[in-house]
Amino acid sequence: MLYKFYQQHIFPHLLNQVMQTPALMDLRRELLLPVQGEALEIGFGTGLNLPFYQNVDLIYALEPSTEIYQLALDRVHHNPFQVRHIQAGAEKLPFADNSLDHIVSTWTMCSIADLDQALKEMFRVLKPSGTVHLVEHVLHNENRRIRQLQHLLTPVQKRLADGCHLNRNIEQQMLEHGFVFTEKQYIAAKGIPAPGQLMFLARATKSAVNPV
Ligand SMILES: C[S@@+](CC[C@H](N)C(=O)[O-])C[C@H]1O[C@@H](n2cnc3c(N)ncnc32)[C@H](O)[C@@H]1O
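Numbering (full-length UniProt numbering), first residue to last: 1 to 212.
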């Protein structure tokens, strides 16, 4: 009961604050500049990406948590383009096959319970010419000490941060689902503790032939 109270009434406010760390806001800016027209954002959170879209007409804001989306409402109402909330998980996307030009994920793939199923769905709904734009904290392949810490802390992190895994190799998992990277970089984000510091900022398509 106490845990439910934490999840519903405390965690959404912590999330809203932590996700505004300046290094993360800089990464949002870099990631979102090329997104145009209509885009699906998975794990919309508290709407912190909205100010960084420059040429967007409509965002499908997929967010399963009522309490978290509640904290996005003010940003949504003061936003110059349309935002349509979809209350669902990424494991079952309510979109037709090959229908979306852009899918955005900012620090969401760590939290999706069944990431393999969500990646299958993202691959299904993305147009052959479409792009997935992502920035995620990931497993540290190059530093054994940090990697061990990430494995050790993940069970605690999952409890404290709504299912968040510190130890996912997102690049590998996306490759296994057929995505092709047209751009990718690993960045150590300033001001973030070591187990969550390594960021993977990338763009991926369903084939190398039609990158945006
Ligand atoms: C760390 S937060 C990131 C929020 C936001 N993308 C941002 O950049 O601030 C992770 C988000 O993923 C959402 N989430 C959790 N499970 C999900 C799922 N199965 N499908 C889609 N989103 C999910 C959470 O509710 C939360 O809003």
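Positions of the beta carbon are idealized from the N, C-alpha and C atoms, including for glycine.
Check                                                                                                                                                                                 : Outcome
Give the range of the alpha helix (DSSP H) segment to which V76 is assigned.                                                                                                          : L73 to H77
G130 and L175: beta carbons closer than 8 Å?                                                                                                                                          : no
Going by the C-beta, is F95 closer than 7 Å to any heavy atom of ligand 1?                                                                                                            : no
Three or more beta-carbon pairs under 8 Å between the segment 105-125 and the segment 160-171, yes or no?                                                                             : yes
Of all Cβ atoms in chain B, is any one closer than 8 Å to the Cβ of G196?                                                                                                             : No chain B is part of this structure, which consists of one protein chain only.
How about P80: is its Cβ closer than 7 Å to a heavy atom in ligand 1?                                                                                                                 : no
Return yes when at least one heavy atom of ligand 2 lies under 7 Å from the C-beta of M19, else no.                                                                                   : In terms of ligand content, the structure shown lacks ligand 2 and carries ligand 1 instead.
Could you check if Q64 belongs to the surroundings of ligand 1, using beta carbon to heavy atom distance under 7 Å?                                                                   : The question names Gln, but residue 64 in the sequence shown is Pro. Result yes, Cβ under 7 Å from ligand 1.
What ranges does the alpha helix (DSSP H) occupy inside the segment 106-131, keeping only unbroken runs of at least 4 residues that lie completely in it?                             : 115-125
Report the residue from T106, I59, Q173 and Q157 whose alpha carbon sits nearest the alpha carbon of P80.                                                                             : I59
Of all the alpha helix (DSSP H) runs that stay within the bounds of the segment 20-96, which reach a length of 4 or more residues?                                                    : 22-32, 66-70 and 73-77
Please report the straight-line C-alpha distance between P22 and A189, rounded to a whole angstrom.                                                                                   : 9 Å
Please work out which residues of its chain come closer than 6 Å, Cβ to Cβ, to V212, disregarding the five sequence neighbours upstream and downstream, and give them in chain order. : At V212, the pLDDT of 43 sits below 50, so the modelled position is not reliable; the number obtained from the coordinates is stated separately. Result list for V212: T131, in chain order.
Terminal residues of the continuous beta strand (DSSP E) containing K184?                                                                                                             : V180 to A188
Quick one: residues in its chain with C-beta nearer than 6 Å to the C-beta of P195, no 5 flanking neighbours on either side, listed in chain order?                                   : L149, Q150, L153 and L166
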